[in-house]
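*Asks:* Following my numbering, the numbering of the sequence shown begins with 268 at its first residue and continues without gaps.
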Amino acid sequence: MKYNSTRNLETVVTASQAIAQGISEEGGLFVPQSLPVYRLEDLRALSELDYKGRAKRIFADFLGDFTAEEISESVEAAYTAEKFGSENPAPISYVRSGKTEMSVLELWHGPTCAFKDMALQILPHLLTKSLKKTCSGREAVILVATSGDTGKAALEGFKDVDGTQIMVFYPVNGVSPMQKRQMATQQGSNVSVVAIEGNFDDAQTGVKKIFTDRSVKEKLAADNKLFSSANSINWGRLLPQVVYYFSAYCEMLKAGRIALGDAINVVVPTGNFGNILAAFYAMNMGLPIRKFICASNANNVLTDFIRTGTYDKKRTFYTTISPSMDILVSSNLERLLYHLTEGNASQVAQWMQSLSETGSYTVTDDIKAKLDQYFYGGFCDDEHTMQTIREMYQNENYLCDTHTAVAVNVYQQYVDETGDLTPSVIASTASPYKFAKSVLEAVSSDALPEDEFDMVDALSAQTGTPVPAPLSSLKDAQVRFTLTCRVDEMPKIVLDSLSL
Ligand SMILES: *Cc1c(COP(=O)(O)O)cnc(C)c1O
C-alpha cells in the first residue's frame, strides 16, 4: 500500500515515509492510493477478535512496509488495560434518546481523558519505527502547538519514548485550568511545556516557522536530530481512528443491537474533521454506514459547507464551552475532497489555494450532490449544549461532556428533521470531568466552587460518577513547567532545551 499527496499525484510514498514526514512537500496531505475492502464475512471475523486483534488486522492492510511483529508490538504497547481501564479501550454505553437508542462510543478512557489518546498512544510507536526505516534512526524532536487536548495526549504518548524529545507550546490564556494543570505537571525525561503570550494561532504559526527555519534545522541535523509532527494531519493519527468505528460495529453486533450487514449512522463532534473522516474511510472499506452526521458548535463553518457547498472561513471566531471544536480551518476536509473528486489532486490544490488566498472556495454541483448523499451538517450553541447535558443527565442518567453534548443535540435535530431511526453511533470525545465547570453548571443549581478540583469533587458528589484517576491525581501532582515566553523567543527556547 502506497500513499499519494492530495495535491500532487506524482508524489508516491510508503506508509513509513508518510508517517515520518507528516505532510507532503507541496503542502498536501498523504492519502492511501487504494482501500482494502472488508466483506460481511470479514466483519464477522473481525467481531470474533478483541480490540487489539481488530487493530492489528486493519493496520496490516495499510502499513505496507511494516512487519507483522512491528504492528503487533505497537498495538500491544498502546492499548493496554492499564492505560485504558479495560481490555476494550473504546466501550459503548447504550443510552435512550427520545424515540431512539444511541450507541455512545466512549473514546476517552485513555490516560488524558480525551479521544486523542486513541491515536496518540500508538503514534509514537509507529513514528519511531517509521523513522528507523526512513531516516536511519535519527532522533525526532516533536513540536506541538495545542489548544489543550492534543498537547497533553502527545506528551503522554511520547514521554520517555527512546529516540524522541517533545516540546509543547500552548496559549497562556487559551486553555482550561484542568488542561493547563495536565500539561504543567507532565512527567517524563524528554518532555517540555511552554506557555506563549498569544493565542493558539500564534503558537501554531511559531511552530511552523521553526519547522521551516533553515539555520535551526541545520543545527539539529548536525546533532543527528530532525523535527517531526504529531498533529492530526499525520496519517499515523488518522489510521488508528478507523479501527474504533469497525470495533463499534463489531460490539453492536455482539450485543445483538444490529444484525450483520445492517446499516448504522455515525455522529461526530467535529473540529479538524479527522475523527469523522476516519469513519468515512471505514465506510469506503465496506463498513455499512448510511449517514455521517457532522456536529459543530457556534463555529459552524462545516455546517454551512455541507449545506451550501461553499467553505468560507471569513467569519467571527467564537470561544465556546466546547473549545476543542473552536476551529475555522478544518485541515482534514482536504482528504475528503480528494476522495469525493476521485483523486483529482489539481482540483483539490486549486480549492486549497483559493482558501488561503481568498478565504473561501465553492465545490462543484457534482461534489455537492455527493456531500448531500453522505453527510448531514448541524450545529448547536453553548446554551443548547448546556441544555443537552442537563437533559441527558436528568432523563437518561448519562453524564456527557460539552463536545459529546453538541453531537447529541445535532443528532436529535437530525432525527426530528428526517425521522431516520437507523441505529446510530455517537462519538463521545472527552470525559465530562475534563470540562467540569460547564458540566457542573448544567446539572447542578448550587453555586459553583472557585477551585477546579472542588468543582470536580462537587460533580462527582452530585452525580455519583467516579472522577477518572488521571485527573484526580493531578490535584497533588508537582508543577514542573512554569515558563512563559514571547512568540519570537520560541526558536531560542527550542535550541536551549536541546542544548544546541
Ligand atoms: C479534538 C477534539 C474534537 C474534534 O476532533 P476532530 O478530529 O478535530 O474533528 C472533538 N472533541 C474533543 C474533546 C477533542 O479533543
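Ideal Cβ positions, reconstructed from N, Cα and C, are used throughout, including at glycine.
Could you please give the first and the last residue of the uninterrupted alpha helix (DSSP H) stretch that includes Tyr548?
*Replies:* For this step, residue 548 is matched to residue 281 along the sequence shown. Counting along the chain, the alpha helix (DSSP H) containing Tyr548 begins and ends at Gly541 to Asn551.
*Asks:* In terms of residue numbering, what span does the alpha helix (DSSP H) encompassing Ser705 cover?
*Replies:* As a first step, residue 705 is located in the sequence shown; it is residue number 438 there, counting from the start. First-last of the alpha helix (DSSP H) with Ser705: Ala703 to Val710.
*Asks:* Taking Cβ to Cβ, would you say Ala470 is nearer than 7 angstroms to Tyr512?
*Replies:* Within the sequence shown, the letter at position 203 stands for residue 470. Within the sequence shown, the letter at position 245 stands for residue 512. For Ala470 and Tyr512, no; Cβs fall outside 7 angstroms.
*Asks:* Leaving out five residues on either side along the sequence, give the residues of the same chain with a beta carbon under 8 angstroms from the beta carbon of Thr730.
*Replies:* Sequence index remark: in the sequence shown, residue 730 carries index 463 (1-based). For Thr730, where only same-chain residues beyond five positions count, the Cβ hits under 8 angstroms are Tyr660, Leu666 and Val710.
*Asks:* Counting along the chain, where does the beta strand (DSSP E) carrying Ile433 start and finish?
*Replies:* Taking the sequence shown and counting its residues from 1, one reaches residue 433 at position 166. Thr431 to Pro438 is the extent of the beta strand (DSSP E) around Ile433.
*Asks:* Looking only at C-alpha atoms, which of Thr655, Asp687 and Thr732 sits nearest to Val673?
*Replies:* By one-based count along the sequence shown, residue 673 stands at place 406. Looking at the Cα atoms, Thr655 is the closest of the given residues.
*Asks:* Counting along the chain, where does the alpha helix (DSSP H) carrying Arg753 start and finish?
*Replies:* The count along the sequence shown starts at 1 and reaches residue 753 at position 486. That residue, Arg753, is in no alpha helix (DSSP H); it is neither H nor E in DSSP.
*Asks:* Any idea if Pro444 is buried or exposed, counting beta-carbon neighbours within 10 angstroms, 16 or more meaning buried?
*Replies:* Along the sequence shown, one-based indexing puts residue 444 at 177. Pro444 should be labelled exposed.
*Asks:* According to the Cβ coordinates, are Leu493 and Arg405 closer than 7 angstroms?
*Replies:* Residue numbering aside, residue 493 sits at position 226 when the sequence shown is read from its first letter. Residue numbering aside, residue 405 sits at position 138 when the sequence shown is read from its first letter. Going by C-beta atoms, Leu493 is nearer than 7 angstroms to Arg405.
*Asks:* Taking the alpha carbon of Lys476 as the point to measure from, which residue in Leu506, Asp755 and Ile338 has its own alpha carbon closest?
*Replies:* Along the sequence shown, one-based indexing puts residue 476 at 209. Nearest of Leu506, Asp755 and Ile338 to Lys476, Cα basis: Asp755.
*Asks:* Any heavy atom of ligand 1 within a distance shorter than 6 angstroms of the CB on Met385?
*Replies:* Counting from one through the sequence shown, the residue named residue 385 turns up at place 118. For ligand 1, not one heavy atom lies less than 6 angstroms from the Cβ of Met385.
*Asks:* Mind reading off the beta-carbon distance from Met592 to Thr537? Whole number of angstroms is fine, and I expect it under 8 angstroms.
*Replies:* By one-based count along the sequence shown, residue 592 stands at place 325. By one-based count along the sequence shown, residue 537 stands at place 270. About 7 angstroms separates the Cβ atoms of Met592 and Thr537, confirming a contact at the 8 angstroms cut-off.
*Asks:* Identify every residue that forms a DSSP beta bridge with Thr577.
*Replies:* Mapped onto the sequence shown, residue 577 falls at position 310. According to DSSP, which records beta bridges pairwise, Thr577 is partnered with Thr629.
*Asks:* Pro555: beta carbon under 6 angstroms from a heavy atom of ligand 1?
*Replies:* Taking the sequence shown and counting its residues from 1, the one referred to as residue 555 is at position 288. Result no, Cβ not under 6 angstroms from ligand 1.
*Asks:* Are Ile531 and Pro690 touching if we call contact CB-CB under 7 angstroms?
*Replies:* Translated into the one-based positions of the sequence shown, residue 531 becomes position 264. Translated into the one-based positions of the sequence shown, residue 690 becomes position 423. In this structure, Pro690 lies closer than 7 angstroms to Ile531 by Cβ.
*Asks:* Out of Ser499, Ala744, Glu292 and Pro391, point me to the one whose CA is closest to Glu337's CA.
*Replies:* The count along the sequence shown starts at 1 and reaches residue 337 at position 70. Answer by Cα proximity: Pro391.
*Asks:* Does at least one heavy atom of ligand 1 sit under 6 angstroms from the Cβ of Gly645?
*Replies:* The count along the sequence shown starts at 1 and reaches residue 645 at position 378. Not under cutoff, so the answer is no.
*Asks:* Measuring only the C-alpha atoms, how far is Ala344 from Leu595?
*Replies:* Here residue 344 refers to the residue found at position 77 when the sequence shown is read from its first residue. Here residue 595 refers to the residue found at position 328 when the sequence shown is read from its first residue. Distance between the alpha carbons of Ala344 and Leu595: 35 angstroms.
*Asks:* Would you check whether ligand 1 has a heavy atom nearer than 6 angstroms to the C-beta of Phe702?
*Replies:* Reading the sequence shown from its first residue, position 435 is the one you call residue 702. False, no ligand heavy atom lies under 6 angstroms from that Cβ.
*Asks:* Assign Leu527 to buried or exposed, taking buried as 16 or more other Cβ atoms, counted over all protein chains shown, within 10 Å of its Cβ.
*Replies:* As a working mapping, residue 527 is identified with position 260 in the sequence shown. Classification of Leu527: exposed, given that the 10 Å Cβ count is below 16.
*Asks:* Quick one: what does DSSP say Phe329 is sitting in, helix, strand or coil?
*Replies:* Residue 329 sits at position 62 when you count from the first residue of the sequence shown. Three-state DSSP puts Phe329 in a helix.
*Asks:* For Ser589, which option in Gly523, Asp648 and Ala285 has the closest C-alpha, if you only look at C-alpha atoms?
*Replies:* Position 322 of the sequence shown, counted from the first residue, corresponds to residue 589. For Ser589, the nearest C-alpha among the options comes from Asp648.
*Asks:* Between the alpha carbons of Gly686 and Val533, how many angstroms are there, rounded?
*Replies:* Mapped onto the sequence shown, residue 686 falls at position 419. Mapped onto the sequence shown, residue 533 falls at position 266. One C-alpha to the other measures close to 15 angstroms.
*Asks:* Should Asn501 be listed as close to ligand 1, given that the test is whether its C-beta is under 6 angstroms from any heavy atom?
*Replies:* Mapped onto the sequence shown, residue 501 falls at position 234. Look at Asn501: its beta carbon is at least 6 angstroms from all of the heavy atoms in ligand 1.
*Asks:* Does the distance between the C-beta of Ser591 and the nearest non-hydrogen atom of ligand 1 fall short of 6 angstroms?
*Replies:* By one-based count along the sequence shown, residue 591 stands at place 324. Taking non-hydrogen atoms of ligand 1 into account, the C-beta of Ser591 is found less than 6 angstroms away from one of them.
*Asks:* Please classify Asn599: is it buried, with 16 or more other beta-carbons within 10 angstroms of its beta-carbon, or exposed?
*Replies:* By one-based count along the sequence shown, residue 599 stands at place 332. That one is buried.
*Asks:* Just to confirm before moving on: does the CB-CB distance between Ser283 and Thr395 stay below 7 angstroms?
*Replies:* Translated into the one-based positions of the sequence shown, residue 283 becomes position 16. Translated into the one-based positions of the sequence shown, residue 395 becomes position 128. No, these two residues do not count as a Cβ contact at 7 angstroms.
*Asks:* Is there at least one non-hydrogen atom of ligand 1 closer than 6 angstroms to the beta-carbon of Ala549?
*Replies:* Counting from one through the sequence shown, the residue named residue 549 turns up at place 282. Outside the cutoff, so no.
*Asks:* May I have the straight-line CA-CA distance separating Tyr628 from Val535, to the nearest angstrom?
*Replies:* The residue given as residue 628 occupies position 361 in the sequence shown. The residue given as residue 535 occupies position 268 in the sequence shown. When rounded, the distance between both Cα atoms is 24 angstroms.
*Asks:* Taking 6 angstroms as the cut-off, does the CB of Phe559 come closer than this to any heavy atom belonging to ligand 1?
*Replies:* Mapped onto the sequence shown, residue 559 falls at position 292. Incorrect: Phe559 has no Cβ contact closer than 6 angstroms to ligand 1.
*Asks:* From this set, Trp502, Ile556 and Gln620, which residue's C-alpha is nearest Ala386's C-alpha?
*Replies:* One-based indexing of the sequence shown puts residue 386 at position 119. Of the candidates Trp502, Ile556 and Gln620, the one whose C-alpha sits nearest the C-alpha of Ala386 is Trp502.
*Asks:* Assign Tyr361 to one of two classes, buried (16 or more other C-beta atoms within 10 Å of its C-beta) or exposed (fewer than that).
*Replies:* The residue you call residue 361 lines up with position 94 of the sequence shown. With fewer than 16 Cβ atoms within 10 Å of its Cβ, Tyr361 is classed as exposed.
*Asks:* Kindly give me the distance between the Cβ atoms of Ala522 and Phe748, rounded to whole angstroms, as I take these residues to be in contact under 8 angstroms.
*Replies:* Within the sequence shown, the letter at position 255 stands for residue 522. Within the sequence shown, the letter at position 481 stands for residue 748. Contact doesn't hold; Cβ gap of about 43 angstroms is too wide.
*Asks:* Can you have a look at Leu330 and say buried or exposed, based on whether 16 or more other CB atoms are within 10 angstroms of its CB?
*Replies:* Looking up residue 330 in the sequence shown gives position 63. So Leu330 counts as buried.
*Asks:* Output yes or no for whether 7 angstroms exceeds the beta carbon distance between Tyr318 and Tyr346.
*Replies:* For the purposes of this step, residue 318 is taken as the residue at position 51 of the sequence shown. For the purposes of this step, residue 346 is taken as the residue at position 79 of the sequence shown. In contact: Tyr318 and Tyr346 (Cβ atoms closer than 7 angstroms).
*Asks:* Go ahead and label Gly289 buried or exposed: buried means 16 or more other beta carbons lie within 10 angstroms of its beta carbon, across all protein chains shown.
*Replies:* Sequence index remark: in the sequence shown, residue 289 carries index 22 (1-based). That one is buried.
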